[in-house]
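Working notes for the structure below.
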Amino acid sequence: MSDTPKKTTTAQLAVAWLLVGLPLLWGFWMTLGNAMKLFE
Amino acid sequence: MADSKSWLDRSRTVAPPGFSRWMVPPAALCIHLCIGQAYAFSVFNLPMSKLIGITDSAPDDWKLTSLGWIFSLAIVFLGLAAAFGGTWLDRVGPRMAMVAAACCFGGGFIIGAAGIATHQLWIVYLGYGVLGGIGLGLGYISPVKTLITWFPDRPGMATGMAIMGFGGGAFIASPLSVHLMKTFSTPSHIGVAETFLCLGIGYFIFMMIGAFLVRVPAEGWKPEGWEPSEHRSAMVTSENVHIDDAMKTPQFWLLWGVLCLNVTAGIGVLGQASAMSQEMFPGRITPAAAAGFVGLLSIFNMVGRFFWASTSDFIGRKSTYMVFFALGIALYAAVPSTGQSGSIVLFVAFYAVILSMYGGGFATIPAYLRDVFGVRYVGAIHGRLLTSWSVAGVLGPVLVNYIRQYQIDQGVPKADAYTVTMYIMAGLLAVGFLLNLMMKPVNARYYMPRAAAMA
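Residue numbers (the working numbering), protein chains in the order written: chain A, 1 to 40; chain B, 41 to 495.
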């Protein structure tokens, strides 16, 4: 363990969340498109 | 080698001062988004049954009944790995567990690809079923304790985010697998083996990113400005119960029953949603619309995980489960009337809420366990509790399928064949309601001495 302060930057947070958020949004969008067939 | 060992060591995962805890949910999501693929495994069944015949199944092709065992094996090994791997995980920390999960899950796909390429089903069983299943179990429980430790102020929301990823993993895996199979297929070959290989490598890399990102808080760390409430609910303990003692308490088995009954009610419906919607509304819900209905339910299953687990931080876990069971009883009992009145809108709305509570049950249980047994062994206790999922995974579909068939054999029209099942589901939820009502704080004699809990 390092006791040296190492502040997480906003860019690191953004990259981490985009990494998981983008595939999830893509999958969500595809499923939503499929679900819309119920209302056609 | 020494370096790689030390990188996996728990001590190397302790966060330095200034590290943002909001980096941890993406790490957990890297794992859960991958292992959530299991929910989408059925997209491979039909292509794998035509590997030789290509357009139709040839006599030497694998049968769907044999292929069904791949998923069943994976779920059995998920339960076993979660149950028996929890204490190991607690000892070695989240990074080692995540790496093990990545190796097993990614490796399971790669071995499965070899089995498909050589048309040896036992290799696929061993690869995806056994090894992949172990990866599923280790991966599922690996971030739970870490998230709860980082978010003592919002444990429900934190674990809800990760477990939402498990629901969302199928959203990604299903269209991605279909796309890859289309890319690798030729008129004389179905590209399932290549798809397995790509997915295995891709999932391994993505899960390793999660292992790289994950950090545990330093000893004594707490969120800035947050103090544990002195007026915490009697249902929330500040003590810890050892995993072996937890299983001796009635609370563990009450929660085992609560999760099992909540999952049984939801999983049976999820598996039969397409057929049920078409049979309850013959001629009005087409097969394409039924597929849309299944998609809509999976969205509510995923969103419910985050919504209900986050809500439980405000209203309490016991109250959240009270809502699941009370509302679930009312909705299950009301579903047959939507078929009789021909109201598709109400039918869809009722099931959407039911499935949100099914997902919510999974996502809220880690925080419930934290409240009752403390943080120290919550990951391992959660792993053992997940055996109820394996039981429910068999019980739910069997109840729905067999009762429907019995009704039809007795001459009941298909549109009404689900009525008794819905009432039985409502009955199961009533039992769950009573079990949850019986939940009390753990007897103080089970609490670990403070020094031992800190060790």
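Quick reminder that beta carbons are idealized off the backbone N, C-alpha and C, glycines included.
Of all residues in the region 56-68 of chain B, those with a C-beta nearer than 7 Å to a C-beta of chain A are Pro-56, Pro-57, Gly-58, Phe-59, Ser-60, Trp-62, Met-63, Pro-66, reading in chain order. Here the C-alpha atom of A:Lys-37 lies approximately 12 Å from the C-alpha atom of A:Met-30. Sixteen is the threshold: when 16 or more other Cβ atoms of the shown chains lie within 10 Å of the Cβ of B:Pro-87, as they do, the residue is buried. Secondary structure in the region 238-310 of chain B: the alpha helix (DSSP H) runs of 4 residues or longer, each lying completely within the stretch, are 283-286 in chain order. Around A:Leu-13, the beta-carbon contacts reaching into chain B at under 7 Å are Ser-60, Trp-62, Met-63.
No residue range can be given for B:Pro-57, since it is assigned to no alpha helix (DSSP H) and is classified by DSSP as neither H nor E. Under the three-state reduction of DSSP output, B:Thr-378 falls in the helix class.
Partner residues in the beta bridge of B:Tyr-487, as assigned by DSSP, are B:Val-281. Between the C-alpha atoms of B:Thr-189 and B:Trp-162 there is a straight-line separation of about 41 Å. Leaving aside the five residues that flank B:Ala-286 on each side, the residues in its chain whose CB is nearer than 7 Å to its CB run, in chain order, Phe-292, Phe-413, Tyr-417, Ile-421. Shown here is that no member of the region 159-191 of chain B has a Cβ falling below 9 Å from a Cβ of chain A. Put simply, the backbone Cα of A:Leu-25 is about 23 Å away from that of B:Val-184. DSSP, reduced to helix, strand and coil, places B:Thr-226 within a strand of the structure shown. Per the C-alpha coordinates, the member of B:Thr-158, B:Val-54, B:Leu-475 positioned closest to B:Trp-261 is B:Val-54. The beta carbon of B:Ile-151 is closer than 7 Å to those of Ile-163, Leu-166, Gly-167, Leu-171 in its chain, skipping five residues each way along the sequence. Straight across, the Cα-Cα distance linking B:Asp-101 with B:Val-334 is about 29 Å. About 3 Å separates the Cβ atoms of B:Phe-149 and B:Gly-240, confirming a contact at the 8 Å cut-off. B:His-422 sits in a helix when the DSSP states are folded into three classes. Listed along the chain, the chain B residues whose CB falls inside 8 Å of the CB of A:Leu-24 are Leu-69, Leu-73, Gly-205, Gly-208, Phe-211, Ile-212. Listed along the chain, the chain A residues whose CB falls inside 7 Å of the CB of B:Ser-338 are Thr-31.
Between B:Thr-378 and B:Ser-430, the alpha-carbon positions lie close to 31 Å from each other.
In the structure shown, the three-state DSSP call for B:Arg-345 is helix. Beyond the five residues adjoining it in sequence on each side, B:Gly-401 comes within less than 7 Å, by CB distance, of Leu-299, Asn-302, Val-303, Phe-364 in the same chain, given in chain order. Neighbours of B:Val-388 in chain A, taken as residues whose beta carbon is under 8 Å from its own, are Leu-38 in chain order. Counting the other CB atoms within 10 Å of its CB gives B:Ala-457 a total of 16 or more, which places it among the buried residues. Look at B:Gly-400: its C-beta is not under 8 Å from any C-beta on chain A. From the beta-carbon of B:Gly-379, no residue of chain A is found nearer than 8 Å; the closest lies around 16 Å away.
Straight-line spacing of the CA atoms in B:Thr-326 and B:Met-320 works out to 11 Å. Judged by beta-carbon spacing, B:Phe-390 lies beyond the 8 Å limit of A:Phe-28, meaning their Cβ atoms are not closer than that value. Residue nearest to B:Val-440 within the set B:Met-316, B:Gly-451, B:Met-397, B:Ala-403 is B:Met-316 (criterion: CA-CA distance).
Between B:Leu-409 and B:Phe-340, the C-beta spacing is not below 8 Å. When B:Ser-46, B:Leu-48, B:Gly-58, B:Met-197 are compared, the shortest CA-CA separation from A:Thr-4 is found for B:Gly-58. At least one beta carbon of chain A lies nearer than 8 Å to the beta carbon of B:Ala-329. Our two residues, B:Leu-120 and B:Ser-383, have alpha carbons roughly 43 Å apart in a direct line.
For B:Met-478, the number of other beta carbons within 10 angstroms of its own is below 16, and it is reported as exposed.
If one requires a minimum length of 4 residues, the alpha helix (DSSP H) runs lying completely within the region 450-477 of chain B are 459-477, in chain order.
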